[in-house]
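For reference, the structure discussed in these notes is given below.
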Amino acid sequence: MKSYIRIFHKTISTSFVYRSNLYMPMLAYFVFVFLQYSLWSAVFALNEPKGTTISQMMTYIFIGMMIRFLTTATASDQLSQEIREGKIELMLIRPYNLFLFFLAKQLGRIVVDFITKGLPLLGISLLFLSPFIQIPYNLSNWLYFGFCCINAVIIAFCMDYMIGLMAFWIIETWQLRFLIQDIGNVFSGVFIPLWFFSEPFLWIANLLPYPYLYFYPINVLLGNVDHTSFLSLTLVGLSWSIGLLVVIMLMWHLCKSRIVIQGG
Amino acid sequence: MAFITVDAVSKEFKVEVKQRGVMGKLRSLVRPHIVIRQAVRNISFSVDEGEIIGYLGPNGAGKSTMIKMLCGILHPSSGQIRVNGCIPYIERRKYSMAIGVVFGQRSQLWWDLPAIDSLELYKDIYKVSAASYKRSLDEFNELLDLHEFAHTPVRQLSLGQRMRMELAAAMLHHPQILFLDEPTIGLDIMVKEKIRDFILQWNTQRKTTVILTTHDVIDIERLCNRILIINNGEMAFDGSAKELEQLYSREKQIIVTFKDAIDRLPPLLHTTVQRREGNQLCFAVERSEDVQEVIKRIVNSYEVTDIQIRAADLESIIKQVYQTGKRDVAHEVVYSHFS
Amino acid sequence: MIRAYAALYRKFIIKYAKAKLEYKIPLTLDIVANMVNSLSFVSVVYFLMNHFSKLDDWQLNEVMLMFGFGLLSWGLAGMLFWAPVMQLEQLIITGQFDHFLLKPLHPLLHLMFRHFQHTFLGQTLVGIGLLYYSLEHLSIWLTPSFILNGIYLLFNSVLVQSAILIALSSLNFFVKKPLVFSMMVVVDLQVISRYPVSIYHQGLQFVVSFVVPYIFVSYYPVVILTRGVNSEPLLWVTYVIGPMLVAFACLLFNYGVRRYDGAGS
Numbered sequence: 001m002k003s004y005i006r007i008f009h010k011t012i013s014t015s016f017v018y019r020s021n022l023y024m025p026m027l028a029y030f031v032f033v034f035l036q037y038s039l040w041s042a043v044f045a046l047n048e049p050k051g052t053t054i055s056q057m058m059t060y061i062f063i064g065m066m067i068r069f070l071t072t073a074t075a076s077d078q079l080s081q082e083i084r085e086g087k088i089e090l091m092l093i094r095p096y097n098l099f100l101f102f103l104a105k106q107l108g109r110i111v112v113d114f115i116t117k118g119l120p121l122l123g124i125s126l127l128f129l130s131p132f133i134q135i136p137y138n139l140s141n142w143l144y145f146g147f148c149c150i151n152a153v154i155i156a157f158c159m160d161y162m163i164g165l166m167a168f169w170i171i172e173t174w175q176l177r178f179l180i181q182d183i184g185n186v187f188s189g190v191f192i193p194l195w196f197f198s199e200p201f202l203w204i205a206n207l208l209p210y211p212y213l214y215f216y217p218i219n220v221l222l223g224n225v226d227h228t229s230f231l232s233l234t235l236v237g238l239s240w241s242i243g244l245l246v247v248i249m250l251m252w253h254l255c256k257s258r259i260v261i262q263g264g
Numbered sequence: 265m266a267f268i269t270v271d272a273v274s275k276e277f278k279v280e281v282k283q284r285g286v287m288g289k290l291r292s293l294v295r296p297h298i299v300i301r302q303a304v305r306n307i308s309f310s311v312d313e314g315e316i317i318g319y320l321g322p323n324g325a326g327k328s329t330m331i332k333m334l335c336g337i338l339h340p341s342s343g344q345i346r347v348n349g350c351i352p353y354i355e356r357r358k359y360s361m362a363i364g365v366v367f368g369q370r371s372q373l374w375w376d377l378p379a380i381d382s383l384e385l386y387k388d389i390y391k392v393s394a395a396s397y398k399r400s401l402d403e404f405n406e407l408l409d410l411h412e413f414a415h416t417p418v419r420q421l422s423l424g425q426r427m428r429m430e431l432a433a434a435m436l437h438h439p440q441i442l443f444l445d446e447p448t449i450g451l452d453i454m455v456k457e458k459i460r461d462f463i464l465q466w467n468t469q470r471k472t473t474v475i476l477t478t479h480d481v482i483d484i485e486r487l488c489n490r491i492l493i494i495n496n497g498e499m500a501f502d503g504s505a506k507e508l509e510q511l512y513s514r515e516k517q518i519i520v521t522f523k524d525a526i527d528r529l530p531p532l533l534h535t536t537v538q539r540r541e542g543n544q545l546c547f548a549v550e551r552s553e554d555v556q557e558v559i560k561r562i563v564n565s566y567e568v569t570d571i572q573i574r575a576a577d578l579e580s581i582i583k584q585v586y587q588t589g590k591r592d593v594a595h596e597v598v599y600s601h602f603s
Numbered sequence: 604m605i606r607a608y609a610a611l612y613r614k615f616i617i618k619y620a621k622a623k624l625e626y627k628i629p630l631t632l633d634i635v636a637n638m639v640n641s642l643s644f645v646s647v648v649y650f651l652m653n654h655f656s657k658l659d660d661w662q663l664n665e666v667m668l669m670f671g672f673g674l675l676s677w678g679l680a681g682m683l684f685w686a687p688v689m690q691l692e693q694l695i696i697t698g699q700f701d702h703f704l705l706k707p708l709h710p711l712l713h714l715m716f717r718h719f720q721h722t723f724l725g726q727t728l729v730g731i732g733l734l735y736y737s738l739e740h741l742s743i744w745l746t747p748s749f750i751l752n753g754i755y756l757l758f759n760s761v762l763v764q765s766a767i768l769i770a771l772s773s774l775n776f777f778v779k780k781p782l783v784f785s786m787m788v789v790v791d792l793q794v795i796s797r798y799p800v801s802i803y804h805q806g807l808q809f810v811v812s813f814v815v816p817y818i819f820v821s822y823y824p825v826v827i828l829t830r831g832v833n834s835e836p837l838l839w840v841t842y843v844i845g846p847m848l849v850a851f852a853c854l855l856f857n858y859g860v861r862r863y864d865g866a867g868s
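Taken in order, these protein sequences are the chains called A, B and C.
Going by my numbering, the first sequence opens with residue 1, and the numbers climb by one from there.
Going by my numbering, the second sequence opens with residue 265, and the numbers climb by one from there.
Going by my numbering, the third sequence opens with residue 604, and the numbers climb by one from there.
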């Protein structure tokens, strides 16, 4: 357990060493959020759609940008590279669990992102946008929100980890990763909230785990979800988490036998 | 008028110095600490056409910087470089037609394409005629066995195959000067020999001037008719290998094989341990007159199974020149200890 | 001389294609991944317009046309010039860029010739699809003059995109590791610029017109094609901005190369 905490710490400290690694991603993220705000404020300024207010939209973006880091997973890169380079055997010899190793790294990464991108953005948004941002004061909403976030982290990490493991079977994983991410960007509500989806797409979205990464947590905090809906949301979300974990265990079992057969 | 003239050339760089500690790191995030580093200090030399020059020095001595200036990539902070009348860093495009370059670690080949494709593309880039191209290819095949792997993608080539390919790409347009930066590093003996033969052949037949940096002593012995040694940005030696040996020929090397392994030698004046292999110790004695005394002392204190005495070899001489600064200091300490 | 370069490029493309076509599956996957990427942005427009029906003055098919212009010009420009932007940073770090300075070929051309980014075929295909879809649904007479106008404007958009890419790659000579910044410009800023720029507030409009002139890529061409060149003042600049920007970007690149001090021991 101690070693995982150490990995967690190390990920955080190494991120602060290089100037270029720090400022640029920060700026890039600010720009991204700023552009989101610009687009939506422009859209809403021109016509008020039925059902959604500009305040809801702005709050959506605000909450969204704070939780974006929970689901931007980067483990698959390193994982697939190590598999391809045959370093995986070294990892197996080490006395810790590969999955937990990458999870610790991911959690460290989340903390770093929150500090370097989330907090500054929080400050700037509160300065300039407080009239627009309205989050209902409801303790149960916040609790549900917290739970949804944890769930989102697990699902996102699992999906990314699975793609990393695919390196055992396919040569290049980056196409798969981009595919999963691009489809995810649409169906998780990063680009556009699911309120605006037309029927057939909404139906598809509900079959996928993506909304649990972004849209549902935000919706919960916005107060758009009542208690009964939340229950069913929780169940489905949890089953996605558990389901993915089971699939990973199966995949890992297959992978291990593959290593033994192939010998690297 | 020499072919290449380097006249009082210096080069300095602005370098960021990383700070230690949390406060230091934070401070350098906002305002970095910049320091000026002198890579090359007032170096002058000249090269005639057809010479093969070994440009040596410890890592960080400023070798690559000088090579880059000779190629035209960098311009000197002060001083001037002239090659056959033109200034490399000013007339780079024209100059590039006259030089060929092999930089050991950095490839100039197309990574995804079959090796031969790189040569074909360079043929067009350098405007080599079809006849000349064919003749060069034949020569490459004969001397470097290129045909064995010409159709393999470059990323799948072994290091030895890739270096031969780089050499071919560099010589394709029959340049007047060939710059080699560590061309034989990491290669097996067979390939090294092939490459050396190739360079020698090209040099004798076409009077190609060759400037190479290397850490391989055999490269120097076999190829270079002149050696330039750089230390700390300054020229420490300029002359032939023979001159270098004569300068240090007062030194003798003693190789002693002890019966049992030795961990400590008694303090011996004017000697330095150079190599240790198992029970065998090789050390250099500065003055040949001391050799007898040193051997007497050793034989009196230890059991010895074999002793060889020989003149210092090229490798240890070069190593000495690298260490020159340090050795002067050591000199002083030893003397004061015994006076 | 241009003929010589064209011949050299053609030779390189043929060799590159031969090498890539050996692995058909990754090749198709590359293109599919990029198609999905482009479609993800298009889907946003689709949902948006379905819900809001009009943006400022613009309806769905016109915005689709803007996206079509954007994607197609991006795809074509990217095939040629994306590699310099992406690879230059690593080439400089590893020192391989030194080789580019030692060949009789201009470094920018060399970078182009070094790698053909075939993945952009994905964007190109989606762009063509969008153009087709939007033109079919818009009530415009496809006269020869309209088509010629359109083709020239498209060509111009490709030039503007190329100029932006060249300028971004030359950043490598002035700043360390500009890739993250370049990605931000080329992905986020570009997507925003494909919507009708008139809806944004002044500051953003300024950025997209004068700092990174994406406005000439999607918005203005469609304004010209649907509302005519006289619907706004100075719209004719669009016709000449392409070549001008390319020239400027090349000059910037040359200046950067001259300034480049191959740092390292």
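Ideal placement from N, C-alpha and C gives every residue a C-beta, glycine not left out.
- Residue 194 of chain A and residue 704 of chain C have their C-alpha atoms spaced approximately 52 angstroms apart.
- Residue 390 of chain B belongs to the set of residues whose beta carbon lies under 9 angstroms from a beta carbon in chain C.
- Proximity of residue 610 of chain C to chain B, defined by a Cβ-Cβ separation below 9 angstroms, is satisfied.
- Boundaries of the beta strand (DSSP E) around residue 521 of chain B: 516–522.
- A straight-line Cα-Cα distance of about 56 angstroms links residue 36 of chain A and residue 478 of chain B.
- In terms of Cβ geometry, residue 349 of chain B and residue 306 of chain B do not form a close pair [threshold 9 angstroms].
- Near chain A, meaning a CB-to-CB distance below 8 angstroms, the residues of the region 797–817 of chain C are 798, 802, 803, 804 and 807.
- For residue 488 of chain B, the secondary structure class from DSSP, reduced to helix, strand or coil, is coil.
- By DSSP's assignment, residue 568 of chain B forms a beta bridge with B:522.
- Between residue 47 of chain A and residue 162 of chain A, the alpha-carbon positions lie close to 43 angstroms from each other.
- By the CB criterion at 9 angstroms, residue 198 of chain A and residue 653 of chain C fall inside the cutoff.
- With respect to the 9 angstroms criterion, residue 267 of chain B and residue 301 of chain B are not classified as neighbours on the basis of their beta carbons.
- DSSP, read as helix, strand or coil, puts residue 541 of chain B in strand.
- Taking 9 angstroms as the CB threshold, residue 604 of chain C stays off the interface with chain A.
- Membership of residue 305 of chain B in the beta strand (DSSP E) is indicated by the continuous run 297–311.
- Residue state for residue 182 of chain A is assigned as helix, using DSSP reduced to three classes.
- Setting aside the 5 residues that flank it on each side, residue 211 of chain A is surrounded in the same chain by 187, 188, 189, 194 and 205, each with a C-beta closer than 8 angstroms to its C-beta; the list follows chain order.
- Per the DSSP secondary-structure output, residue 344 of chain B pairs in a beta bridge with B:271.
- With at least 16 other beta carbons inside 10 angstroms of its own, residue 690 of chain C counts as buried.
- For residue 346 of chain B, no Cβ of chain C is located within less than 9 angstroms of the residue's own Cβ.
- The region 555–563 of chain B makes no contact with the region 490–510 of chain B, as fewer than three CB pairs between them are under 8 angstroms.
- According to the DSSP secondary-structure assignment, residue 685 of chain C is paired through a beta bridge with no residue.
- By the Cβ-count criterion, residue 847 of chain C is exposed, with fewer than 16 other Cβ atoms from all chains shown falling within 10 Å of its own Cβ.
- For residue 441 of chain B, the enclosing beta strand (DSSP E) stretches over residues 441–445.
- The beta-bridge partner set that DSSP reports for residue 495 of chain B consists of B:498.
- Listed in chain order, the positions of the region 841–857 of chain C with a beta carbon within less than 9 angstroms of a beta carbon of chain A would be empty, since no residue qualifies.
- Residue 106 of chain A has a beta carbon lying at 9 angstroms or more from every beta carbon in chain C.
- Following the DSSP letters along the chain, one finds residue 64 of chain A in no beta strand (DSSP E) but inside the alpha helix (DSSP H) bounded by residues 54–67.
- Between residue 702 of chain C and chain B, the shortest Cβ-Cβ separation is below 9 angstroms.
- Chain-ordered, the chain A residues with CB closer than 8 angstroms to the CB of residue 629 of chain C read 171, 172 and 175.
- Identification of residues in the region 323–344 of chain B having a C-beta nearer than 9 angstroms to some C-beta of chain C yields 323, 324, 325, 326, 327, 328, 329, 332, 335, 336, 337, 338 and 339, given in sequence order.
- Closer than 9 angstroms to the CB of residue 647 of chain C there is at least one CB belonging to chain A.
- Listed by position along chain A, the residues whose Cβ is nearer than 8 angstroms to that of residue 749 of chain C form an empty set, because the closest Cβ is around 28 angstroms away.
- Here the alpha carbon of residue 635 of chain C sits roughly 22 angstroms from the alpha carbon of residue 761 of chain C.
- When C-beta distances to chain C are compared with 9 angstroms, the residues of the region 403–420 of chain B below that value are 417, in chain order.
- When DSSP assignments are scanned along the region 367–412 of chain B, the uninterrupted stretches of alpha helix (DSSP H) that are 4 or more residues long and fall wholly within it turn out to be 379–389 and 394–408.
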